[in-house]
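Here the structure comes first, spelled out in structure tokens, and everything after it is commentary.
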Amino acid sequence: MSSGPGDERFVMTLQDVSALKSLDLDLSDNKCVIFASCDGAAAEWNKQSLVQVFLYDRVIEINGQPCLATDLVEKSKSEDVGTVNLTVERPQKRLLYLQKPGRLGMDLTYTKTRKGSVKPWITNISDGLVNQWNVNMPELSVGAHDRIITVNGSGGTPADLVQLLSSADDTMHLEVLHYNI
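Those letters in the sequence shown? Residues 912 to 1092, by our numbering.
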């Protein structure tokens, strides 16, 4: 994962649509498709490529076109036999240090289905501690589609993280993955 302003992007070439179907992708946020694991075709890619796919990397293009979750679902249903090129981008890790009292001012979303969200994502920032962080630290700001990875050093399921956010102590440390959307 990148932690600085330099975006790291690469093209992952899959031999056919069946390889696309074997990717374990989190499709719960239509605008931010991320790798939920490095199994299937991602594992095969990592065995053969110097540029590795990592958990939480984002698919930004499919065959040179902007990629939404709905596009990947449609492509995986097609009978195309040609190669599939996925442009992949690494997120930037951002560490937020917030001091209560005050409300976070951040709306989160996740899905609870079997193939649900690997981590909750931010849908909106309003007045509160996170907005103040963004004002004070614009180079480390967070926003819509970014994923919460840990709260005070603890990870877990999306529901676990949301619970940790609501019950956190006066000092809160958030590890967030920022996507350039």
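For each residue, glycine too, the CB sits at the ideal point set by N, CA and C.
Query raised in the report: So who's on the other strand from Asn1091, going by DSSP bridges?
Result: DSSP output for Asn1091 lists no bridge partner at all.
Review point. Can you round the beta-carbon distance between Ile971 and Thr994 to whole angstroms, since I take them to be within the 8 angstroms contact cut?
Key: Wrong, their Cβ atoms sit about 18 angstroms apart, outside the cutoff.
Worksheet item: Pairing CB atoms from the region 1034–1051 with CB atoms from the region 974–988, are three or more of them under 8 angstroms?
Response: no
Checklist line | Test item: CB-CB of Leu1088 and Tyr967 under 8 angstroms | finding: yes
Worksheet item: So, is the C-beta of Leu997 closer than 8 angstroms to a C-beta in chain D?
Response: Structure shown: chain D not included; a single protein chain is present.
| What is the DSSP secondary structure of Val995, counted as helix, strand or coil? | Reduced to three states, the DSSP call for Val995 is strand.
| query | Is Val944 helix, strand or coil when you go by DSSP? | reply | In the three-state DSSP reduction, Val944 falls in the strand class (E or B).
* Asked: In or out: Ile973 buried (at least 16 other Cβ within 10 Å) or exposed?
  -> buried
CB of Lys1093 within 8 angstroms of CB of Leu1072, strictly
Residue 1093 is absent from the structure shown; the chain starts at 912 and stops at 1092.
Exercise for review: Determine the closest residue to Ala930 out of Val962, Val944, Glu990 and Phe965, with distance taken between C-alpha atoms.
Suggested key: Glu990
According to DSSP, simplified to helix, strand and coil, what is Gln1157? Because residue 1157 is not part of the residues shown, which for the chain are 912 to 1092, the question remains open.
Margin query: Nearest by alpha-carbon distance to Thr1020: which of Glu1000, Gly1054, Arg1014 and Phe946 is it?
Written below: Gly1054
Worksheet item: Under 8 angstroms, do Arg969 and Glu919 count as touching if we go by C-beta distance?
Response: no
- Who pairs with Pro1012 in a beta bridge, going by DSSP? BP columns for Pro1012 are empty, so no partner.
Handout entry: Val1029, DSSP secondary structure in three states
Key = coil
Query - Endpoints, beta strand (DSSP E) assigned at Thr1022 - result: Careful: Thr1022 lies outside any beta strand (DSSP E) and carries neither H nor E.
In the DSSP output, which residue or residues are listed as bridge partners for Asn1035? Asp1018
Q) With distances taken between CB atoms, is the gap from Leu983 to Val944 smaller than 8 angstroms? A) The answer is yes: Cβ separation under 8 angstroms.
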